[in-house]
Amino acid sequence: MDRRHFIKTSVLAGGGLILSFTVTGKRMPAPQLPTAVAMNAFLRIAPDNGIYIVLSKVEMGQGIWTTLPMLIAEELDCDWKKIHVEHRPSGRGKDFEESMFVQSTGGSDSTRSEFDRYRIAGATARTLLVQAAAARLGISPEDCHTEDGYIIAGTNRIAYGDVAVEASKLSVPSSVKLREPGQWKYIGKSQKRLDAPEKTNGKALYGIDIQLPGLCTALVARSPVFGGTVKSFDATQAKAIKGVRDVVQIPTGIAVVADHYWAAKLGREALHIEWNIPADSRIDSHIQLEGYRKLAESQGMITQEKGNVANALDHSTDILEADIAVPYLAHTPMEPVNCTVRINEYTCEVWAGTQSPVLHQQEVASYLGLDPEKVIFHIPFLGGSFGRRGTFKNDYVIEAVYIAQATGKPVKLLWTREDDIQGGYYRPVYLHRVRIGIDVTGYPVAWHHRIAGQSLFVNTVLEKDIAPNGLDYSSVDGTQGSPYLAAIPDHAIELHTTTCAVPVLPWRSVGNTHTAFVMETLVDELASRAGIDPVEYRRTLLKDHPRHLAAMNLAAEKAAWNKPLPAGHFRGIAVHAAMGSYVAHVIELSLDQKKIQLHRVVCAIDCGLAVNPDGVRAQMESCIVYALTAALYGEITLQDGRVQQSNFHNYKMLRISEMPR
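Using our numbering, the first residue of the sequence shown is number 439, and each one after it goes up by one.
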């Protein structure tokens, strides 16, 4: 019995003696279940030889459900068909470096950060299994070898599952020898995705699929203007809707709790709410941009500087001046954000697709006054994210907790597509103001670059690391450190960090979403002004940057850059490095009555070692679709503080009929 049950039963029994016991014997044997044995924090092995691999990161479509197990399988030398993968429940496991950053997924670092850790985990387990088998056989471990989940010594063949218990009790070696690349069976060779069968046959469980006994559905009416709060509300008509169970006020608005989604939707529509709207929240996109232009007239915080750029500009043969602005962009993952919460007297269970489960576990525990161990996070598959599920505080998870606590019911909070597109957490608006001094040969000799936009990381848990003293390096990432600036003797980069009620979040590739576009656009403008082919122009600028150069040359070669195009067709090239990868694209298109027709995209990527080449290919194909969508259609605009877009009819996606080869 637990303590609570003991006290309750004792009271009911009037203080009499209560014995709780279980009898087992020959006629009623205790059930013997095949319990998997933990070899380390990432790996368990079952007696039936099932290999259970625990992810320290979350799968949100990027393919680590396959890539990380490949790293363990390589060193463990197991049967690939025996592998089962699961997300790690949030907790305070002793075997994990306990930090919100360890189990946080972002920055394109899952494979890079886990490459050695997961291989060492597999090699360590294999070493222990061999030692256990050798001890059983009374021979030296050196007399054994492994193959597809078996330890082999002469005619003896022992399955990993047969010695897993013994192996788990041995002392962990201080170091293990990893396989040389020439010995690799999995790494560097394409593997079919382990999550593909479940995601194809419908068995894959996403947050939106969670069902519990007595589960209610909740929708929240939020302020139509960012920064607004509830002044008063009337829920009379909402409560009259059949299936509506509760209407409660929470910090972000009014929650309607119902038996199912449709009742919650009708109930929300029937609410009468009066909002307090701060005057400074009534943002208009064109006014905001004009404010950025005015701000760019003054000096910002210097983030990179070399020489005397003002003097160099004065002595330049020619000057290219440009203002380039990019808009707010929504993430629009296929599965809008959602969270299911069940609270009882001692624990809180949460089912949510999130990139930072440990961070949210701590947040929920703090709000409820519970030890973090009492907040149990279940992590289903994430139906896309692109940064949207990487919120730092007070978003969909804590909203669901508020509602569950207020109603006393298990609740699934859903965001509709309209909630998703109009609910903020966008890629910020940025303005780049650039003055480039050019010499007689047409190449840059001075570069002055100012950026204005909101910070992604100020006032977050990552401020100390990414935005110290108010300088958010993510805002200038891709401009700062650009290879184009390396050889320019006089240059300066400045940043104006703005504040605004519109909440923002990293959006696929973070700062590089705008800086790569701006830098490559400017280089094209320079090449055009100089009358030099864009590839040849870049070759001169990138002559001391071999990885950039190699990616660009390969893309140009495969795109037959020097071969004439059909009449009316055009071609463009770009190359950029971010998060350890160097990528070049060539796009071929035509214009039909000013409408862009996409014909072909050639992509070359140098990402170092491609653990799963097919996974890299899938990532690049998907990012091409995502980027083309943003370039052709992406724009969130505000008028009088209200977001003008609401669904895919006016926040368009690239259609399959528009997809280039």
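Positions of the beta carbon are idealized from the N, C-alpha and C atoms, including for glycine.
| Item | Value |
| --- | --- |
| Can you give the Cα-Cα distance for Ile577 and Gly592, rounded to whole angstroms? | 11 Å |
| Shortest alpha-carbon distance to Ser794 belongs to which of His583, His724, Ser542, Arg985? | Ser542 |
| Determine the direct distance from the alpha carbon of Val496 to that of Phe534, and round the result to whole angstroms. | Unreliable placement is indicated for Phe534, whose pLDDT of 42 sits below 50; the coordinate value is still reported in the next sentence. Spanning the two alpha carbons is a distance of roughly 15 Å. |
| Determine the direct distance from the alpha carbon of Ile762 to that of Gln726, and round the result to whole angstroms. | 14 Å |
| Run the CB neighbour count on Trp700, radius 10 Å, all protein chains shown included, and call it buried at 16 or more, exposed below. | exposed |
| How long is the line joining the alpha carbons of Ile715 and Asp756, rounded to whole angstroms? | 49 Å |
| Give a yes or no on whether the C-beta atoms belonging to Val896 and Asp877 are separated by under 7 Å. | no |
| Does DSSP classify Val686 as helix, strand or coil? | strand |
| Roughly how many angstroms lie between the CA atoms of Val695 and Thr667, to the nearest whole one? | 20 Å |
| Measure the alpha-carbon distance for Ala511 versus Pro1098 and round it to whole angstroms. | 36 Å |
| What are the start and end residues of each continuous alpha helix (DSSP H) run of 4 or more residues lying completely inside the region 560-612, in chain order? | 598-606 |
| Could you name the residues that DSSP lists as bridge partners for Glu622? | For the sequence presented, residue 622 should be read as Trp rather than Glu. Its beta-bridge partners do not exist; DSSP assigns none. |
| With DSSP run on the structure shown, which of helix, strand or coil describes His1087? | coil |
| Would you call Met1017 buried or exposed, if buried means 16 or more other Cβ atoms sit within 10 Å of its Cβ? | exposed |
| Check the C-beta distance from Gln918 over to Gln737 and give it rounded, since I have them as a contact under 8 Å. | Not a contact, Cβ separation roughly 16 Å. |
| Please confirm whether Pro848 and Leu1003 have their CB atoms less than 7 Å apart. | no |
| Okay, do the region 624-636 and the region 1040-1050 touch, 3+ Cβ pairs below 8 Å being the bar? | yes |
| Please return the same chain residues whose Cβ sits closer than 8 Å to the Cβ of Met466, not counting the five positions on each side in sequence. | The predicted model places Met466 with a pLDDT of 38, which falls under 50 and marks its position as unreliable; any figure quoted below should be read in that light. Closer than 8 Å at Cβ, skipping near neighbours: no residue. |
| Check whether the region 814-824 and the region 496-509 touch, using three or more Cβ-Cβ pairs below 8 Å as the test. | yes |
| So, at 7 Å on beta carbons, what are the nonlocal neighbours of Lys831 in its own chain, with the 5 sequence-adjacent residues on each side left out? | Glu801 |
| Please report how far the alpha carbon of Leu987 lies from the alpha carbon of Arg977, in whole angstroms. | 7 Å |
| Do you know how far the Cα of Lys703 is from the Cα of Gly1072? | 27 Å |
| What whole-angstrom Cβ distance do Ile491 and Gly599 have, given they're in contact under 8 Å? | Not quite, the Cβ-Cβ distance comes to about 15 Å (not below 8 Å), so this is no contact. |
| For Gly645, which of helix, strand or coil comes out of DSSP? | helix |
| Can Ala954 and Gly916 be called in contact, C-beta distance under 7 Å? | yes |
| From Ala559, Ile692, Gly587, pick the residue whose C-alpha is nearest to that of Ala479; which is it? | Ala559 |
| Compare the C-alpha of Val813 against each of Tyr834, Gly1006, Arg780 and name the closest. | Arg780 |
| If you run the structure through DSSP and keep just helix, strand and coil, what is Arg1099? | coil |
| Where in the region 793-871 do unbroken runs of the alpha helix (DSSP H), each at least 4 residues long, occur, reported from the N-terminal end onward? | 795-806, 834-845, 855-860 |
| If the criterion is Cβ atoms closer than 7 Å, does the pair Tyr766 and Tyr863 meet it? | no |
| Would you kindly report the start and end of the unbroken alpha helix (DSSP H) that includes Thr505? | 502-514 |
| Excluding the 5 residues preceding and the 5 following Pro619 in the sequence, name in chain order all residues of the same chain whose CB lies nearer than 8 Å to its CB. | Ile625, Gly626 |
| Near Ala768, what residues of its chain come up, given a Cβ to Cβ distance below 6 Å and the 5 sequence neighbours on each side ignored? | Ile859, Tyr864, Ile1074 |
| Could I get the ranges of all uninterrupted beta strand (DSSP E) runs contained in the region 1020-1074, with 3 residues as the minimum, in chain order? | 1033-1044 |
| Look at the Cβ atom of Pro972, then the Cβ atom of Leu894, and state whether they are nearer than 7 Å. | no |
| Quick one: Cα of Gln1082 to Cα of Leu1076, how far? | 6 Å |
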